[in-house]
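Structure record follows, encoded as structure tokens.
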Amino acid sequence: MLLAEQVLNGLQYGMMLFLMAAGLTLVFGVMGLINLAHGALYMVGAFACAFIAGITGSYMLGLTASLAAAAAAGALVEISVLRRLYTRDHLDQVLATFALILVFSEGTRWIFGNFPLYLTLPPALSGAVTLPGGLQYSLFRLVIIAIGAGLALGLYFLITRTRLGTRIRAGEADREMIAALGVDIAKLYTLVFALGAALAGLAGALVGTIQSVQVGMGEPVLILAFVVIVIGGIGSVKGALIGALLVGMVDTMGKAFLPGLLAQVTDAASAKTMGAGLASVMIYILMALVLVLRPQGLFGAKA
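Mapping the sequence shown onto the numbering used here, position 274 (from 1) lands on 663, and the numbers just tick up by one.
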């Protein structure tokens, strides 16, 4: 029972990381942009969901607002700031997007204050369901897994089976050529950035429902999203999915089972602290192993 529950927890955590990493890898793969402000868009989505759900009483309206607010913020940032950085050095991109983190954080603190916001699930999504084998598991966490899986399939269809997806893949391969063929590369970049921002905003809203919504909540998740795309391969949505699931499983299983193993050689309090720390380290060990064996990532294109 414990193993099955932790597997589901790992899947839920992995799907949340995928929503973050998919947008990040799309932006970097197509636009060549290092966007440290992606975590701020995650935070924008969470606050938009909490605010709208709070004043309307509708959680679904809150989720819709998270998508709209994050996409709008992403499009605005791309048009006003990032469009000037595509031909600049990556260091300039890092500095500019780091400044955007500070702008979003202070702006959010000015509007909502320093106190966290909390989301209340509607009755239809609250409680637990009984799975085969008698396991009681949170219905909302299963919904997150389903949303992540559905969006993964949707992104695969979008990129491989639609005209827009063809343009996205062409823009990743040779942006000068598709611009010469008449594609408005500026609009394509804005659309891709808004799509990535919307995915990040949705992830923030979903996670904010489980935990709380607060300023700075996106930065720890952003670090893990970068780990995911390094493992999966930059520019690969499939790699982002597999990498996110690997990171989710390693982190969840480590935190669940390492303290018990360490408790056999040390006291319970120390075992719990050391187990959580080692679980976090294992993620980076996994990333290092992948980089040693496949420097381009599991599904990244060879240089």
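Beta carbons are placed, not taken as given, at the ideal position from N, Cα and C, and that holds for glycine.
- If you draw a straight line from the Cα of glycine 624 to the Cα of leucine 450, it is about 32 Å long.
- Under DSSP, serine 527 shares a beta bridge with Ala517.
- Per DSSP, reduced to three states, the secondary structure at leucine 588 is helical.
- When the beta-carbon positions are compared, phenylalanine 493 and valine 433 come within less than 9 Å of each other.
- Judged by DSSP in its simplified three-state form, valine 654 adopts coil rather than helix or strand.
- Secondary structure at valine 602: strand, using DSSP grouped into helix, strand and coil.
- Relative to tyrosine 526, the option among Gly666, Gln395, Pro684 and Met671 whose CA is nearest is Gln395.
- A check of alpha carbon separations from aspartate 478 across Gly516, Val518, Gly421 and Glu495 identifies Gly421 as the nearest.
- The residues Thr579, in chain order, have a CB closer than 8 Å to that of isoleucine 468 in the same chain once the five nearest residues on each side in sequence are set aside.
- Runs of the alpha helix (DSSP H) lying entirely within the segment 424-512, each at least 4 residues long, are 427-445, 448-469 and 479-501 in chain order.
- Cβ neighbours of isoleucine 574 within its own chain (closer than 8 Å, five residues either side excluded): Gly560, Arg564, Ile567 and Ala568.
- Spanning the alpha carbons of valine 483 and glycine 418 requires a straight line of approximately 16 Å.
- With a cutoff of 9 Å on beta-carbon distance, alanine 462 and glycine 597 are scored as not near each other.
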